[in-house]
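Working notes for the structure below.
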Amino acid sequence: MPLSYNWKNLFVRKTTTVMTVLVIAAVVAVFSWLLGFREALTRSLSFASDQRKLIVLRQASTSETNSAIPPDDFNKLTQLNQELAVDPVTKNQQKSPEMIVQVSLPRLRDGGSTNANVAVRGATDEAFVVHKNIAISQGRKFEQGALEVIVGEQAARQFAGLNIGDTINLGYSGNRGYRVVGHFSANGGPMESEIWGPLTTLMNSYLRNAYSSVSVRLTDEVDPKEVISRIEGPAIELTAQTEAQYWDAQAKNVRTYLTIVSVLVGIMCAAAAFSIANTMFSSVAARSREFAMLRTIGFSGRQILASIIVESIFLSLLGGALGCAACLAWLRLAGNTKDMFGASTFTTMAFEIRLTPWTVLIAIAGISAVGILGAVVPGIRASRLRVVTALREA
């Protein structure tokens, strides 16, 4: 049958068609946002998957925020003289002692009406060697000993008061003004959601006498598992994870959230399939004489079944296009930079949700499959109508 025939039939029952398209659009809009969210999270974590970099914490700690490594324990890491890479400039082992605290800052997306915790990382110059993905994108690096900080690009887009030249109040009492002197990138990784400053100065401001963590870079020859075993052994008695393992654990609560949303989307897909099936059943009931005439003039049951499925796919494509457009409009109006809260770090990680062509393709393909599923039963019923009975009932 010509496609124009199927297309015109959609508009015979306008109200039913419009309601079905709106249900499909709602499903696709949520599904597209979910896919974009998952892709953004995966993309951000993939940039923090350096297998040659270890995050060292206190034993039994699950994140940098609940870890404390005294200087004496930090010095034990010098035992890894063969396992750690060497800074080509300073000739020192590539190990970076770091301190993590939080500061509450207003979100830009809602005009500053809500706040979120942003990680503040105290670091030495060695941190820029160990964390190879960190690069200054605007301004300059902070100077050790100065009341200066640099801000990750994602944090600067998400939170207020983080432009170059702004002053952030930090410290135990929040009374030490640190000036923003630069922005940095981390290839889109989690550290782009942080604020960095000089280690000793920040430790003094927050009255800290222990590091939160130590980041170390391994040589290419050693096995990370063997180094981790040595760090956790009796000589050093700390714990360590690869960078990928660490950030994967921090995103655990977000995966739970994604699972819940996925279940809801599944329920919505079932509702869309039911709506499509209801529309097609109504169509079959109202067009029994039409289908009988089609059988009389030579169209087979399979052709009628295919016609019903094509109409259902048209409905799905209309709803899918509308849903993707609604999702894109929402991302542009509400902003596509979002943040997630780490249950163990008590800080947020910002990332950018994008509606990519691949996301649109998956969403449209998925709803088309739902449309086909919803059309099969009514289509089979239409294809099996007895010609004489259908004409008599009509």
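In the working numbering, the protein residues as written are 1047 to 1440.
In this text, a Cβ means the ideal position worked out from N, Cα and C, and glycines have one as well.
N-terminal and C-terminal residue of the beta strand (DSSP E) that residue i is part of
{"i": "T1265", "result": "It is not in any beta strand (DSSP E) - T1265 carries neither H nor E in the DSSP assignment."}
{"i": "Y1257", "result": "Segment: none, Y1257 is in no beta strand (DSSP E) and carries neither H nor E."}
{"i": "V1132", "result": "Note, V1132: premise wrong, no beta strand (DSSP E); not H, not E."}
{"i": "E1194", "result": "E1194 to G1198"}
{"i": "A1162", "result": "N1161 to A1169"}
{"i": "T1213", "result": "T1213 to L1216"}
{"i": "I1101", "result": "K1099 to L1103"}
{"i": "G1235", "result": "Taken as a continuous stretch (DSSP letters only), G1235 belongs to no beta strand (DSSP E), as it is neither H nor E."}
Selected residue, minimal CA-CA separation from residue i, among the options
{"i": "N1179", "options": "R1378, D1096 and N1255", "result": "D1096"}
{"i": "N1215", "options": "S1150, V1176, M1249 and V1132", "result": "S1150"}
{"i": "N1112", "options": "R1153, M1339, T1285 and V1132", "result": "T1285"}
{"i": "T1136", "options": "W1079, E1240, A1201 and A1173", "result": "A1173"}
{"i": "V1058", "options": "S1328, W1242 and P1403", "result": "S1328"}
{"i": "E1238", "options": "G1217, A1202, N1255 and A1256", "result": "A1202"}
{"i": "A1169", "options": "K1141, G1185, L1154 and P1152", "result": "K1141"}
{"i": "V1406", "options": "N1055, A1071, N1233 and K1060", "result": "A1071"}
{"i": "F1320", "options": "W1053, T1062, K1054 and S1050", "result": "T1062"}
{"i": "T1325", "options": "V1307, I1359 and A1295", "result": "I1359"}
{"i": "Q1190", "options": "Q1184, D1171, A1181 and Q1200", "result": "D1171"}
{"i": "N1121", "options": "L1364, K1054 and P1143", "result": "P1143"}
{"i": "V1268", "options": "H1229, W1079 and L1100", "result": "L1100"}
{"i": "N1138", "options": "L1123, Q1148 and I1282", "result": "L1123"}
{"i": "W1376", "options": "K1271, W1079 and F1230", "result": "W1079"}
{"i": "Q1148", "options": "E1110, G1157 and K1060", "result": "E1110"}
{"i": "R1301", "options": "T1088, V1273, K1054 and A1281", "result": "T1088"}
{"i": "Y1125", "options": "E1357, V1260, A1281 and P1236", "result": "For clarity, residue 1125 is Gln in the given sequence; the question names Tyr instead. Looking at the Cα atoms, A1281 is the closest of the given residues."}
{"i": "R1468", "options": "R1155, G1344, K1298 and V1307", "result": "This structure leaves residue 1468 out entirely; the chain is present only between 1047 and 1440."}
{"i": "N1233", "options": "Q1200, M1339 and V1273", "result": "Q1200"}
{"i": "W1293", "options": "T1108, L1056, E1085 and L1081", "result": "T1108"}
{"i": "S1231", "options": "E1289, Y1224 and H1177", "result": "H1177"}
{"i": "R1222", "options": "G1235, V1197, M1249 and I1210", "result": "M1249"}
{"i": "A1192", "options": "I1182, V1175, I1115 and P1244", "result": "P1244"}
Cβ-heavy atom distance, residue i to the ligand PLP, below 6 Å
{"i": "T1394", "result": "Questions concerning the ligand PLP fall outside what the structure shown contains, since it holds no ligand whatsoever."}
Per-residue DSSP class, three states only, for residue i
{"i": "Q1287", "result": "strand"}
{"i": "I1399", "result": "coil"}
{"i": "T1063", "result": "helix"}
{"i": "F1205", "result": "strand"}
{"i": "V1309", "result": "helix"}
{"i": "Y1292", "result": "helix"}
{"i": "G1412", "result": "helix"}
{"i": "F1057", "result": "coil"}
{"i": "I1282", "result": "coil"}
{"i": "S1261", "result": "strand"}
{"i": "R1301", "result": "helix"}
{"i": "R1378", "result": "helix"}
{"i": "R1427", "result": "helix"}
{"i": "R1503", "result": "Residue 1503 cannot be examined here, being either before or after the span of the chain that is shown, 1047 to 1440."}
{"i": "G1223", "result": "strand"}
{"i": "T1394", "result": "strand"}
{"i": "I1210", "result": "coil"}
{"i": "G1366", "result": "helix"}
{"i": "G1417", "result": "helix"}
{"i": "G1082", "result": "helix"}
Boundaries (first-last residue) of the alpha helix (DSSP H) holding residue i
{"i": "P1152", "result": "Not the alpha helix (DSSP H): P1152 falls in the beta strand (DSSP E), residues K1141 to P1152."}
{"i": "N1250", "result": "L1245 to S1251"}
{"i": "F1120", "result": "P1117 to N1121"}
{"i": "F1345", "result": "That residue, F1345, is in no alpha helix (DSSP H); it is neither H nor E in DSSP."}
{"i": "A1181", "result": "From DSSP, A1181 is part of no alpha helix (DSSP H) but of the beta strand (DSSP E) over A1181 to G1185."}
{"i": "F1174", "result": "A1173 to V1176"}
Contact belief for residue i with residue j at Cβ below 8 Å, rounded distance in angstroms
{"i": "L1361", "j": "V1067", "result": "6 Å"}
{"i": "F1188", "j": "V1195", "result": "6 Å"}
{"i": "A1352", "j": "I1413", "result": "The Cβ separation is near 19 Å, so there is no contact."}
{"i": "V1073", "j": "G1279", "result": "Not confirmed; about 53 Å, so no contact."}
{"i": "I1146", "j": "A1165", "result": "6 Å"}
{"i": "E1399", "j": "F1083", "result": "A quick correction: the sequence has Ile, not Glu, at residue 1399. Right, the Cβ-Cβ distance comes to about 6 Å (below 8 Å), so this counts as a contact."}
{"i": "Y1252", "j": "Y1218", "result": "5 Å"}
{"i": "L1208", "j": "V1226", "result": "6 Å"}
{"i": "I1355", "j": "S1429", "result": "The Cβ separation is near 10 Å, so there is no contact."}
{"i": "I1410", "j": "L1363", "result": "7 Å"}
{"i": "E1240", "j": "R1186", "result": "No, E1240 and R1186 are not in contact; Cβ-Cβ is about 17 Å, not under 8 Å."}
{"i": "Q1291", "j": "H1229", "result": "Contact doesn't hold; Cβ gap of about 28 Å is too wide."}
Proximity test, Cβ basis, 7 Å: residue i and chain D
{"i": "V1073", "result": "The structure shown contains no chain D; it holds only a single protein chain."}
Inset, instruction - Would you be able to state if there are at least three C-beta pairs under 8 Å between the region 1099-1119 and the region 1414-1430? - result: no
Legend entry - Stretch pair the region 1260-1268 + the region 1117-1137: three plus CB contacts closer than 8 Å: yes
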